[in-house]
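Below is one structure, written out as structure tokens, with a few remarks after it.
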Amino acid sequence: MQTSMGQDHGRLNSKVIAQHIFTMVKVDLTISIRVLQGGMENHFGYKVSDRKVWLVKQRFIARIYGYWRNQTTSFFHWLFAMQMYL
Numbered sequence: 001m002q003t004s005m006g007q008d009h010g011r012l013n014s015k016v017i018a019q020h021i022f023t024m025v026k027v028d029l030t031i032s033i034r035v036l037q038g039g040m041e042n043h044f045g046y047k048v049s050d051r052k053v054w055l056v057k058q059r060f061i062a063r064i065y066g067y068w069r070n071q072t073t074s075f076f077h078w079l080f081a082m083q084m085y086l
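The sequence shown lines up with residues 1 to 86 when you count with full-length UniProt numbering.
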């Protein structure tokens, strides 16, 4: 295996990472990036960058709980409507 710079395989894009870590993240949202990276490295034989794994994990969390910006906007619309009618 090569040293640090060449270990991140180009074909390990976010789609491949997402397919592999989906169940691990869904079971435990607090799973660490290092654990996810270790799973990827054991499965594919290549190290995946912290950034790639972190971004995919954040997308899953956003998909599960929704984007906070959308929720915040909806809350303020609801609050404004309540003020108008009460």
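We treat Cβ as the ideally placed atom computed from N, Cα and C, and that holds for glycine.
Assigned secondary structure, residue i (DSSP; H/G/I helix, E/B strand, else coil)
i: D50; result: helix
i: L79; result: helix
i: L86; result: coil
i: L29; result: coil
i: L12; result: coil
Residue i versus residue j - alpha carbon distance
i: G39; j: Y65; result: 24 Å
i: V25; j: F60; result: 8 Å
i: F76; j: Y85; result: 14 Å
i: M5; j: I21; result: Model confidence at M5 stands at a pLDDT of 39, short of 50, so the residue's coordinates are unreliable; what they give is reported in the following sentence. Cα to Cα, the separation comes out at about 23 Å.
i: V16; j: H43; result: 12 Å
Where the alpha helix (DSSP H) containing residue i begins and where it ends
i: R34; result: 33-44
Beta carbon of residue i nearer than 8 Å to that of residue j
i: W54; j: I33; result: yes
i: V56; j: L12; result: no
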